[in-house]
Each structure stands twice: as C-alpha cells, then as structure tokens.
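Everything below concerns the one structure shown next.
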Amino acid sequence: MGVNRYNFMRYKGNDINSEEIDRDGIDIENSEDKEGSTSSNSDISYPDSELIRQLGVLNLSINTIYIIVLAIFMNINYLYDSRGRLLDEINGTNYMENAPDFSDAPRIANKLFLYATGVFLEINFEELQVVSSMTGEDRDEKAIRNANNNLLSSLLIFIATGISHDTLNF
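Note that this note's numbering has the sequence shown beginning at 24, numbered continuously upward.
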C-alpha cells in the first residue's frame, strides 16, 4: 500500500499520528485506547479489522484509479501524436519529425488497464466472499446479489481488456 502521505487520520473518532499506523494501515498499538485497556467494538458499528480492511480497499482503489488516469493520458498523447503525423503527411510538412514516438503507448496503456481491471476484479471477489460468509441476521441477500453482479461485471471488463490486449500485441 505504501506509507500514508497524510499527517493525520481520523480513526474511531480520535486523531492519531500517521507514525502510529504501519505501512498496511494497521494500528501498531494493537487497538488499545488511551487508558491502555483493549477497546470494545460496542461503541462502533464495525469491528476494527473490518474498518482496516475497508481502508485498505479504499487506498488500493484510489491508487488504481491514478493508474487508469495515467493510461488515459498516455492514450491522449498517442492520439495527438497520430493526428500531428497525419497532418504532416497531408500538408507535406515535417513538424512531427523530432517529436517523441508514442507508437507503444496503446500497448503500455492497455497493460495498465489490464492491471487495474484485475485489481478491481480481486476487490469485488473479496467483497463477495465477505458478504457471502455472513450468517444469521447479518446475512443480506441483496448485498450478496449486488456483490455477485459487481464481480460479474468486473470479470467481463477484465476479459474484454484481455482480448483487446491480444489484438494490440499481434
């Protein structure tokens, strides 16, 4: 995940310094409150481990979206490069002669998209496992159905990205 770049985080209503959180977002002080006793889960709606898992998923999702934005910018540069080279050919000029070559940008961007869709596929699979493992009154059939649909859509996007990866690399 990497070290949190923010100086302070909000956790269970208390400000804690980022040095108290290790690289994976786990509280190093073993979830003890300021008095030294082990904190109970009665004052929050989720156990600490669930909150930490959700924080990890959010951090991973944010980083993956940055990768998607990078891939989009790579494709935009490729399109501008292609347009410039086409205009040079139409007008008989050599403006793009010394420009950098972006011909590999679609293949690299597609690899980034493939990685990102794989990450979201994994996140949705883990979410399906979490909601499916609930029993008794905690079991929510609608949440299971939504998680199943999210997993299926992620799988289809992953397959489509893989197919387009194969067409770019022939």
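We treat Cβ as the ideally placed atom computed from N, Cα and C, and that holds for glycine. Being a predicted model, the structure only gives us computed values, none of them experimental.
Handout entry: Three-state secondary structure assigned by DSSP to R168
Key = helix
Practice task
State the DSSP-derived secondary structure class of G115, mapped to helix, strand or coil.
Solution key: coil
Problem - Assumed close pair T87, L137 - CB separation to whole angstroms, cut-off 8 Å - result: Actually they do not touch by this definition, with Cβ atoms about 12 Å apart.
Problem - Which of helix, strand or coil DSSP assigns to E120 - result: coil
Exercise for the section: Determine the direct distance from the alpha carbon of N147 to that of V92, and round the result to whole angstroms. Expected result: 20 Å
Exercise for the section: Step through the CB atoms of chain C and report whether any lies within less than 8 Å of the CB of G159. Expected result: Among the chains in the structure shown there is no chain C, since it carries only a single protein chain.
Handout entry: Distance, H188 Cα to L78 Cα
Key = 31 Å
Handout entry: Residue closest to K165, alpha-carbon to alpha-carbon, out of S177, L178, L151
Key = L151
Practice task
Can you tell me which of the three DSSP states M97 falls into?
Solution key: helix
Handout entry: Other residues of its chain near D163: CB distance less than 8 Å, five sequence neighbours each side excluded
Key = V154, M157
Handout entry: C-beta contact flag for R130 and L191 at 8 Å
Key = yes
Problem - Sufficient close CB pairs (3 or more, under 8 Å) joining the segment 93 to 112 to the segment 120 to 128 - result: yes
Practice task
With DSSP collapsed to three states, give me the class of S156.
Solution key: coil
Exercise for the section: Mark S9 as exposed unless 16 or more other C-beta atoms lie within 10 angstroms of its C-beta, in which case mark it buried. Expected result: In this structure the chain extends from 24 to 193, so residue 9 is not present and cannot be described.
Problem - A170 vs I90 beta-carbon contact at 8 Å - result: no
Problem - Selected residue, minimal CA-CA separation from E175, among R108, G141, S84 - result: Note on identity: in this sequence residue 175 is Leu, with Glu being the wrong assignment. L175 has its Cα closest to that of G141, out of R108, G141, S84.
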